[in-house]
Amino acid sequence: MIKKVLIVAITLIIAFPLFAQDTLMQQSLRKHVDILASDTLEGRGEGSNGIKKARKYIITEFEKAGVKPYRGKYEYDFSFKSGAVRALSENIIACIEGSDSVLKNEYIVIGAHYDHMGWDEKDKKMIYYNGADDNASGTASIIEIAKLLNQNKNSLKRSIIIIGFGAEESGLIGSHHIFTDSIIPPSKIKCMFSIDMVGMYKSNDGLTLTGMETLKDYKQIIELTKQKTPILIKKTTSNIENRTDTRSFADEGIPSVHVFTGFKSHYHKPEDDSNLLDYEGMAVLDKFMYELVNVLANDVKIEPSSAFLAKAKTKGTFYFAPYITFGIGSSSNHYPDKFYNAKSIFAYNAGLAAKFSLSKNVAIQPEVWYESSGSKIESGTFRTNSLTIPVNILIGTDNSSDYNVFVILGGYLKNNLFGEEGGKSIDYSDGYNKLQYGLSFGFGFEIMNVQVKFIDLFNLTPLYSNPAMDKALEKSFFLNIGFKL
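Residue numbers for the sequence shown, in my numbering: 2 to 486.
If you want it as structure tokens, here you go:
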């Protein structure tokens, strides 16, 4: 009995400080978010008094924790065009110097944007977009992670840079200025973490690390970290999140990870308030990030994955992406020598595609389809089944982004395999053109791993090779959906 009591007592003695530490961190996180996402900060819109208060608060917290400024100052100002005026903002940068004489010259960056969408007025009432999850949660997290790292700075071989990014909501402008203003040499940064929207750990069933696979041996890195701080990793990916500050760093060839718990908060809505966040989950996440940074800060070598390195060498201007595609639509015969056109029939296709990006705004996309198309004719239905090879140029917005739109211009070659005309099989050796070519044009968009195209095909080769037959040219329209493999 005495033995059991002693075991329980020892367990409580060991567990109580850990429990108390967790409770204190949760309380600190809640305090930070309550202040940063309060109405008095006016939604932290650029140019407001509220965002100035946010900057002052972050700097004060760094000073209280003993986290030193980068190169002697915390604030690095920049300007940018917003509508018809130029706006001013600042990046807040702190640094924890590593203890190794060589590795301290290499940096791991942890960042979070502290701005949000400001306020609006409706029916003479002020409406504040307080942005508790987006991104007071990330800002609170970098403050607490910086505290932990600074308390144990003697164990860090590499240096850690902590950044509060300004003007993220205006187009990732603050993180972009880190490099355009030559504030931190990109060659010294080994990896970067953007902590953006991390207040919904339980609601989203875990943590997503978008871009974690840009680091070589990422699985071992995660497992080493989880041994110290268990956490549920919902997903890791190799793609860079282009809607947060990871993009600016990845464009410089730096492995970049978006630390994220999902969109179950009131994203970009006035209801995104501090009382809705999961502070217990945030504490778990912040301790995980602290341990992850420790693992990386003391690793002998941090390397990008081979796939990310290959893309970084070309500055993202050339890459290859395969797709499986499906399309539905309609087709009909066009008679240029007549005053009428035929009625349309259902058409479909399925196949494979590959997108080769030639530059930021231009890509070439060859495809191979099995296509079934045709037209209504006087004797019934004319239908061909073919192997179709479209080759299109896509011109549009940044095609390396997860979200882009484009126009389609190109052509195609069609090899007719078999078909029927009015219920009879077509003999392509007698009066019909087996090989045809034509033009393609349309528009489309891409969201994450899904590509949607609205595309018109217009045959330039007549269906009939027999000059005695009416000149008939097929035209088709397809809604094609491609899934990136």
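Note that CB positions come from ideal geometry on N, CA and C, so glycine has one too.
Residue i - DSSP class collapsed to helix/strand/coil
i: G172; result: coil
i: F264; result: coil
i: K344; result: coil
i: M470; result: coil
i: T462; result: coil
i: K54; result: helix
i: P187; result: helix
i: M198; result: coil
i: H114; result: strand
i: G44; result: helix
i: H178; result: helix
i: G317; result: Because the pLDDT at G317 is just 49, under 50, the model does not fix this residue reliably, and the value given afterwards should be weighed accordingly. The answer is coil: DSSP assigns G317 none of H, G, I, E or B.
i: R1; result: Because the chain spans 2 through 486 in this model, residue 1 falls outside it and cannot be assessed.
i: A10; result: Its pLDDT being 44, under 50, A10 is placed unreliably by the model, and nothing is read from it.
i: A66; result: helix
i: N434; result: coil
i: H269; result: coil
i: M213; result: helix
i: N155; result: helix
i: A38; result: coil
i: M26; result: helix
i: L359; result: coil
i: S312; result: A small correction: the amino acid at residue 312 is Lys; Ser does not occupy that position in the sequence shown. Three-state result, K312: helix.
i: N276; result: helix
i: S333; result: strand
i: D134; result: helix
i: S426; result: strand
Residue range of the unbroken alpha helix (DSSP H) whose run includes residue i
i: T385; result: No alpha helix (DSSP H) contains T385, which is instead part of the beta strand (DSSP E) from G381 to G397.
i: A284; result: Y280 to A298
i: L225; result: Y219 to K229
i: L149; result: S138 to Q152
Beta-carbon separation (whole angstroms), residue i vs residue j, contact threshold 8 angstroms
i: N118; j: G51; result: Here the sequence assigns Met to residue 118, which means Asn is not the residue at that position. Between G51 and M118 the Cβ distance is about 11 angstroms, and since that is not below 8 angstroms, they are no contact.
i: F442; j: G330; result: Actually they do not touch by this definition, with Cβ atoms about 14 angstroms apart.
i: G328; j: N350; result: 4 angstroms
i: K236; j: T209; result: 5 angstroms
i: S374; j: A348; result: 4 angstroms
i: I255; j: M193; result: 5 angstroms
i: G412; j: Y371; result: About 19 angstroms; that fails the 8 angstroms criterion.
i: D246; j: F166; result: 5 angstroms
i: F446; j: V406; result: 4 angstroms
Among the options, the one whose alpha carbon lies nearest that of residue i
i: V451; options: S466, K74, Y413 and F484; result: F484
i: K82; options: N153, G175 and S160; result: G175
i: F261; options: L414, N481, S195 and Q437; result: S195
i: Y336; options: E372, Q366 and K377; result: K377
i: E145; options: K344, M290 and N400; result: M290
i: S188; options: H114, F250 and Q437; result: F250
i: G67; options: Y371, R384 and N153; result: N153
i: M127; options: T41, T61, S266 and A55; result: T41
i: V294; options: R159, G46, D35 and K312; result: R159
i: K476; options: L461, I409 and V453; result: L461
i: V86; options: E47, Y58 and N92; result: E47
i: A113; options: E242, A284, D23 and E169; result: E169
i: L149; options: G207, Y280, E292 and H267; result: E292
i: L410; options: F419, G397 and L388; result: G397
i: E122; options: K191, S257, P271 and G165; result: P271
i: F459; options: T389, E253, L157 and K74; result: T389
i: K54; options: Y404, H33, Y71 and L157; result: H33
i: D197; options: P186, L286 and D206; result: L286
i: N299; options: K191, S204, N400 and Y280; result: K191
i: S183; options: S360, G282, E214 and R72; result: R72
i: L104; options: K339, S156 and E76; result: S156
i: I234; options: N205, T215 and N243; result: N205
i: I448; options: D338, I179, Y404 and W120; result: Y404
i: K435; options: T181, I60, N416 and L173; result: N416
i: M213; options: T181, R244 and H259; result: H259
Endpoints, beta strand (DSSP E) assigned at residue i
i: G495; result: The chain is shown only over 2 to 486; residue 495 falls outside these bounds and no answer can be derived.
i: T237; result: I234 to T237
i: E422; result: Y404 to E422
i: G254; result: Run containing G254: none; DSSP gives neither H nor E here.
i: I128; result: K126 to Y129
i: A85; result: Neither: A85 is in no beta strand (DSSP E) and is coded neither H nor E.
i: G119; result: Note, G119: premise wrong, no beta strand (DSSP E); not H, not E.
i: S374; result: V363 to I378
i: G165; result: S160 to F166
inquiry  = Quick test of the definition: if touching needs 3 or more C-beta pairs under 8 angstroms, does the stretch 95-106 touch the stretch 122-141?
reply    = Verdict: no, contact absent.
inquiry  = Count Cβ pairs between the stretch 334-353 and the stretch 221-229 that sit closer than 8 angstroms; are there 3 or more?
reply    = With a cut-off of 8 angstroms, the stretch 221-229 and the stretch 334-353 do not count as touching, because too few Cβ pairs lie within range.
ask   = Within the chosen definition, does the stretch 297-311 reach the stretch 464-473 through at least 3 CB pairs nearer than 8 angstroms?
value = Fewer than three pairs of CB atoms, one per stretch, sit closer than 8 angstroms, so the stretch 297-311 makes no contact with the stretch 464-473.
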